[in-house]
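Visitor:
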Amino acid sequence: YKTFEGDLKWDHNDVTYRILNYSPDMDSDLTDDAFARAFKVWSDVTPLTFTRLFEGTADIMISFGKADHGDPYPFDGENGLLAHAYPPGEGIQGDAHFDDDEYWTLGKGPVVKTRYGNAEGALCHFPFTFEGKTYTTCTTEGRSDNLPWCATTADYNRDKKFGFCPSELLYTFGGNANGAQCVFPFIFLGKEYDSCTLEGRSDGYRWCATTENFDNDKTFGFCPSRDTAVTGGNAEGETCHFPFVFLGQSYDSCTSEGRGDGKLWCSTTSSYDDDKKWGFCPDQGYSLFLVAAHEFGHALGLDHSNIRDALMYPMYSYVEDFSLHSDDIEGIQYLYGPKRGPSPTPPQPSTPTTDDSDDKETDHTDETRPTEPTTTRPVEPTKDACKLTKFDTITVIENELHFFQDGHYWKRSGRDKELQGPFSIAARWPALPAVIDSAFEDTLTKKLYFFSGTRFWVFTGKSVLGPRSVEKLGLPNSIQKVEGALQRGKGKVLLFSGENFWRLDIKAQKIDRGYPRFTDVVFGGVPSDAHDVFQYKGHIYFCRESFYWRMNSRRQVDRVGYVKYDLLTC
Amino acid sequence: WSLPLKSVFVTFPGDVIKNMTDTELAESYLKKFGYIDTAVRRSGFQSMVSTSKALKRMQRQMGLEETGELDKSTLEAMKQPRCGVPDVAN
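Each protein sequence line maps, in turn, to chains A and B.
No gaps in the numbering here: position 293 of the first sequence is 293 in the working numbering, and each next residue is one more.
No gaps in the numbering here: position 87 of the second sequence is 1087 in the working numbering, and each next residue is one more.
#1: CB-CB under 7 Å to Gly1084 (chain B), same chain, minus the five flanking residues each way: which ones, in chain order?
#2: Give a yes or no on whether 8 Å exceeds the smallest Cβ distance from Gln1080 (chain B) to chain A.
#3: Pick helix, strand or coil for Lys397 (chain A), following the three-state DSSP scheme.
#4: Give me the residue from A:Ile329, A:Lys276, A:Leu448 with the minimum Cα distance to Phe233 (chain A).
#5: So, is the C-beta of Ala85 (chain A) closer than 8 Å to a C-beta in chain B?
#6: Are Ala122 (chain A) and Gly163 (chain A) close, meaning C-beta to C-beta below 8 Å?
#7: Does any heavy atom of the ligand SAH sit closer than 7 Å to the C-beta of Thr269 (chain A)?
#8: At 9 Å on the CB atoms, spell out the chain B contacts of Tyr286 (chain A), in chain order.
#9: Give me the subset of the stretch 1058-1077 of chain B whose CB atoms are less than 8 Å from a CB atom of chain A, sorted by chain position.
#10: Pro314 (chain A) versus chain B: which residues are under 7 Å apart at the beta carbon?
#11: Starting from Phe534 (chain A), find everything on chain B with Cβ-Cβ shorter than 9 Å and list it in chain order.
#12: For chain B, is any of its Cβ atoms less than 8 Å away from the one on Gly260 (chain A)?
#13: Could you compute how far the alpha carbon of Lys360 (chain A) sits from the alpha carbon of Asp321 (chain A)?
#14: List, in chain order, every chain B residue whose beta-carbon is nearer than 8 Å to that of Gly80 (chain A).
#15: Residue range of the alpha helix (DSSP H) that Ile329 (chain A) falls in?
#16: The alpha helix (DSSP H) with Tyr1029 (chain B) in it runs from where to where?
#17: Can you tell which of A:Leu568, A:Asn13, A:Thr569, A:Val560 has its C-alpha closest to the C-alpha of Ser253 (chain A)?
#18: CB Trp278 (chain A) to CB Phe1012 (chain B), shorter than 8 Å?
#19: Measure the alpha-carbon distance for Pro1086 (chain B) versus Lys1032 (chain B) and round it to whole angstroms.
#20: Starting from Ala151 (chain A), trace the beta strand (DSSP E) in both directions and tell me its first and last residue.
#21: For the stretch 1013-1032 of chain B, enumerate the residues whose C-beta is nearer than 8 Å to any C-beta of chain A, in chain order.
#22: Using a Cβ cut-off of 9 Å, pull out every chain B residue sitting near Trp278 (chain A), in sequence order please.
#23: Between Asp95 (chain A) and chain C, is the shortest Cβ-Cβ distance under 8 Å, so that the two count as touching?
#24: Going by DSSP, what residue range makes up the alpha helix (DSSP H) through Thr31 (chain A)?
#25: Is DSSP giving Gln420 (chain A) helix, strand or coil here?
#26: Nearest to Thr219 (chain A) by CA position, among A:Arg226, A:Asn552, A:Phe188, is which residue?
#27: Taking buried to mean at least 16 other C-beta atoms within 10 Å of its own C-beta, is Asn399 (chain A) buried or exposed?
#28: Closer than 7 Å by C-beta to Ile92 (chain A): which residues in its own chain qualify, once you throw out the five before and the five after it? Chain order, please.
#29: Pull up the DSSP beta-bridge partners for Trp549 (chain A), would you.
#30: Identify the continuous alpha helix (DSSP H) that holds Val521 (chain A) and give its terminal residues.
#31: Which ranges would you report for the beta strand (DSSP E) in the stretch 79-130 of chain A if only whole runs of at least 3 residues count?
#32: Residues of chain B with CB under 7 Å from Asn500 (chain A), in chain order?
#33: Quick one: grab the DSSP three-state call for Trp1001 (chain B).
#34: Do you know how far the Cα of Gln249 (chain A) is from the Cα of His241 (chain A)?
#35: Taking the alpha-carbon positions, what's the Asp529 (chain A) to Phe501 (chain A) distance?
#36: Looking at Ala96 (chain A) and Ile60 (chain A), is the spacing between their C-beta atoms short of 8 Å?
Given below as structure tokens:
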């Protein structure tokens, strides 16, 4: 760890903070909670306490801004710089600024808090089903007032729990209208507006009038971003229009076509060719909690660490179950000392809790769960595929998706492709180790190939050949494991490892000449460090952590989604 | 299979395209995060030496192999989302 020159620190332990404004990306309650949890990261290990002020000058003034936002260090648009903070001291010192050109979430895609409805402000449950159709975003289906809504459990028809999603038709934030909704059309400087606008402002925030005539009434508010709103481009805040036409072709979902960087985009009108209005499709976003916890570290006196897993490492990376690294703890305790005295004991519930105790989050986790569905499967959590965030390998065997993890596998089979398992790997394929890095079925011979570390096995029915060294196939001895396999044409399969892939001639049992090749050169727009690669129903899937990137036959990424929801169908 | 499909790339209006060469990106990064002291003017040779030193310093900070050269992993690290606070105090 490192502290700032002169060991800058607060000279008092009761530090105050104030949130000056909010991002349109996240509900203010979620933002408040993310900041509070970020402060708690530090107060848990030091004698520091953090008190929120709602007016006046606080030690740590927190704000969102874009580009030039009033200090000498402008932000740089989407990605790149995410935030910065100043070391302890008077004035701007101690303050934390967050780049509002980023898409702020809790790190795992849109977190949509509902208003009104009958779910008491619960979060949307994605995906949810409504009249037999599955929704992964808020929808206006079933309503005539165009208000987006979502179910707060997995099945609206069963549970009837719902709430309304952020929309300028429902409320605004900031401004001077106490959160009133936009009124469309409205008049501003004599011109009529039918939607939120950037006109008249230099800070890049979309606003609307909350009466018919801003020129007369001067009441306004900022427009919250819908969960389907695009970022960047030239239509920020507007929603994708599906289908849309691009270069004469119709698209029903976000596409990377037309771009060299693989980013998914959409048109916000029915025709990009005519209107040229576009933006990037929402992705998992950056965790406000994690970035805030890092920035508050600066605001308390910590400089950047060179330990990759430390919170104070300068690069952003999402971690699901966050806990403060010992380097961060040593750093902050060097400045303020350790926390003394007992931790407060939480009140005990008067009635026993149900069986989901293993699923409880600690205060440090960066995940906010929507209301759980009313039914759960009574399985041991460690053996529930839906509770796993990563699989050793995913592959298709006998046309059924198989998910392997630490001695077990699950499969989606039967007429309804229901998830079945866990099954024991050893019981079905004796001789295999617990961890399978990659597997594929040779479509010609129906032989099954399994890779684990630098060894592989070939099963013909129940008879097995192996283990053999992957070097026998012509793979270099430097590779530590084969992470994915794609059957390509007759007798050829692509084997992925690290950032490279090789083409194996199955009949000759040799790697073809001209390999390895770089994965990102041939498969643009997918993570170069995918740990599962497989083909399913004509698409190629690249998985990294809990996400997959789906590529169509034209090698365009046409969908990015959750393994859990879309492949496991949890 | 291995031949990439010919895709049509278009220029999207309003797209933030940072038309920087790798060298320009590296120089900007090293300056922005304090690895190169922008207050000191240098001539060509000195600049090369300093850039190599700065790269090594940056690679050490990021836990990368300290080659002093703008290799692929260093360039990738420079493109990662990050905090705007300089790594080297000025």
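Virtual Cβ for every residue (Gly too), placed ideally from N, Cα, C.
Guide: For this structure:
#1: No residues qualify anywhere along the chain.
#2: Residue contact with chain A for Gln1080 (chain B): present (Cβ-Cβ distance below 8 Å to some residue of chain A).
#3: Correcting the residue type first, residue 397 (chain A) is Ile in the shown sequence and not Lys. Note: Ile397 (chain A) maps to strand in three-state DSSP.
#4: Sequence check: residue 233 (chain A) is Gly here, not Phe. Among A:Ile329, A:Lys276, A:Leu448, the Cα nearest to that of Gly233 (chain A) is on A:Lys276.
#5: Yes, contact with chain B.
#6: A distance below 8 Å separates the beta carbons of Ala122 (chain A) and Gly163 (chain A).
#7: Summarising the ligand content, the structure contains no ligands, and the ligand SAH is consequently not present.
#8: Simply Pro1081.
#9: So the close ones are Arg1060, Gln1061, Met1062, Gly1063, Ala1077.
#10: Per Cβ cutoff of 7 Å: Arg1082, Cys1083, Asp1087.
#11: The premise fails here: Phe534 (chain A) is roughly 16 Å from chain B at the closest Cβ pair, so nothing lies under 9 Å.
#12: Cβ-Cβ to chain B under 8 Å: yes for Gly260 (chain A).
#13: Confidence at Lys360 (chain A) is low in this model, with a pLDDT of 33, below 50, so the placement of that residue is unreliable and no value is reported for it.
#14: Neighbours of Gly80 (chain A) on chain B, chain order: Pro1081, Arg1082.
#15: Per DSSP, Ile329 (chain A) belongs to the alpha helix (DSSP H) from 326-336.
#16: Its alpha helix (DSSP H) spans residues 1022-1032.
#17: When each option's Cα is compared against that of Ser253 (chain A), the closest is A:Val560.
#18: The answer is yes: Cβ separation under 8 Å.
#19: In a straight line, the C-alpha of Pro1086 (chain B) is about 7 Å away from that of Lys1032 (chain B).
#20: Ala151 (chain A) -> beta strand (DSSP E) spans 149-151.
#21: Under the 8 Å Cβ criterion, the stretch 1013-1032 of chain B contributes Pro1013, Gly1014, Asp1015, Val1016.
#22: Ordered by position in chain B, the residues that pass the 9 Å Cβ test against Trp278 (chain A) are Phe1012, Pro1013, Gly1014, Asp1015.
#23: Absence of chain C from the displayed structure is noted, the protein chains being A and B.
#24: 28-43 is the span of the alpha helix (DSSP H), which, as asked, contains Thr31 (chain A).
#25: Taken through DSSP and simplified to helix, strand or coil, Gln420 (chain A) comes out as strand.
#26: Answer by Cα proximity: A:Phe188.
#27: Exposed, by the Cβ-count rule.
#28: In its chain, beyond the 5 residues on either side, Asp71, Tyr86 have a beta carbon closer than 7 Å to the beta carbon of Ile92 (chain A).
#29: Within the DSSP secondary-structure output, Trp549 (chain A) pairs in a beta bridge with A:Phe542, A:Val560.
#30: It spans 519-522 - the alpha helix (DSSP H) in which Val521 (chain A) sits, taken as one unbroken run.
#31: With a minimum length of 3 residues, the unbroken runs of beta strand (DSSP E) contained wholly in the stretch 79-130 of chain A fall at 81-85, 96-99, 128-130.
#32: Under the 7 Å cutoff, chain B gives no residues; its nearest Cβ is about 13 Å from Asn500 (chain A).
#33: Because the pLDDT of Trp1001 (chain B) is 29, which lies under 50, any placement of that residue in the model is unreliable, and the number read from its coordinates should be weighed accordingly. Three-state result, Trp1001 (chain B): coil.
#34: Roughly 14 Å between the two C-alpha positions.
#35: Whole-angstrom Cα-Cα distance: 11 Å.
#36: Yes, these two residues count as a Cβ contact at 8 Å.
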